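In my numbering, the protein residues as written are 22 to 361.
We treat Cβ as the ideally placed atom computed from N, Cα and C, and that holds for glycine.
Since this is a predicted model, take the numbers as computed values, not measurements.
Reviewing the structure listed below.
In structure tokens:
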């Protein structure tokens, strides 16, 4: 399955192919475990770990193209409709027919989406045959945003957390459906991948690209990737044959305190692709791609709310959730969203 994470508004096709990573000798894993832990690398990896209990993040990152950067400068609309008629993402396919309140809402509203992740590097290389783009956008959600987890391959398909991390009962979700800002989607199927989908621009506080802070973040992540590559050069990790099962096992819970660097690295990954396998060559390739991010004029955009009407003043016109209004916006290319 081809994931829809980051850069483009949505990938346009789904790949059905098993992920095969070459195996290293078993002794490599044992050697790695005996290597003294590096507190800097450990802290860096722990900071980007995502699991079933800890998936809500107010700061997200998405890779995109130069063309989309130009559009962001022009229209200031972060979420967009990037899929052609008749095309369906894996996420859309998996919520089809789902009775959960949020699933029904996402099937019927006309809002755009933005695919993202909690840190830049785990999605920088894209997916086989699909490059998400070489420009990084940082998204900051509002502090009162709610997050949903959607894992169709598990008994608990949906879970919603409020801004305090409390699990919200379904009845309460139904009454406050407009408070959900993003969905953490753990895809089912042969290929393991996960993504965070921003589904409501009303809960975006600000977004930015090419700022000094983002350039520093890219340099720091690249340096950490090169340091991790050096560690793996001394002791190449062993990866089990069933890659999808190995990834999902690591994604379901946080690494233990005594986890090795490979387990911590796995907890950060979003895509079950050979492009991200924990080898020195792959890590150095990711670092080089981060360092090669083009330099463009920076932009930081704050999404304002009108004090009287509670309107997000991203563009020039007001729109509610009616189909006619959204279709008018799509034709005109302007939108300002009424908050509730």
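Bounding residues of the beta strand (DSSP E) (the contiguous stretch that carries residue i)
i           : result
residue 128 : Unbroken run through residue 128 is the alpha helix (DSSP H), 122–129; no beta strand (DSSP E).
residue 218 : 215–219
residue 85  : 80–85
residue 157 : 156–162
Length of the line joining the Cα atoms of residue i and residue j
i           : j           : result
residue 202 : residue 223 : 8 Å
residue 70  : residue 249 : 16 Å
residue 212 : residue 293 : 6 Å
residue 134 : residue 221 : 7 Å
residue 255 : residue 300 : 11 Å
residue 188 : residue 196 : 15 Å
residue 186 : residue 162 : 15 Å
residue 113 : residue 291 : 18 Å
residue 268 : residue 97  : 36 Å
residue 130 : residue 140 : 28 Å
Same chain only: Cβ atoms within 7 Å of residue i, ignoring 5 sequence neighbours per side
i           : result
residue 235 : 157, 159 and 229
residue 265 : 40, 211, 212, 213 and 293
residue 75  : 275
residue 284 : 271 and 276
Residue nearest to residue i in terms of C-alpha spacing, selected from the options
i           : options               : result
residue 171 : 264, 99 and 72        : 72
residue 215 : 225, 143, 252 and 256 : 143
residue 219 : 306, 82, 303 and 256  : 82
residue 233 : 87, 92 and 319        : 319
residue 7   : 296, 210, 180 and 207 : Coverage of the chain is limited to positions 22 through 361, which leaves residue 7 absent and any answer about it impossible.
residue 123 : 204, 266, 268 and 280 : 204
residue 178 : 84, 120, 308 and 227  : 120
residue 208 : 273, 317, 129 and 297 : 273
Extent of the continuous alpha helix (DSSP H) to which residue i belongs
i           : result
residue 112 : 111–116
residue 239 : 233–255
residue 152 : Segment: none, residue 152 is in no alpha helix (DSSP H) and carries neither H nor E.
residue 99  : Counting along the chain, residue 99 falls outside any alpha helix (DSSP H), and DSSP gives it neither H nor E.
Beta-carbon contacts of residue i that lie in its chain and below 6 Å, excluding the five residues immediately before and after
i           : result
residue 115 : 173
residue 304 : 246, 249 and 250
residue 147 : 153
residue 6   : Outside the shown range of the chain (22 to 361) lies residue 6, about which nothing can therefore be said.
Nonlocal neighbours in the same chain, by C-beta distance under 8 Å from residue i, ignoring five residues either side
i           : result
residue 312 : 239, 240 and 243
residue 314 : 155, 156, 157, 236 and 239
Whole beta strand (DSSP E) elements within the region 273–329, 3-residue minimum
320–323
Quick one: which unbroken beta strand (DSSP E) runs of 3-plus residues sit fully inside the region 164–228? Chain order, please.
167–171, 179–182, 201–207 and 215–219
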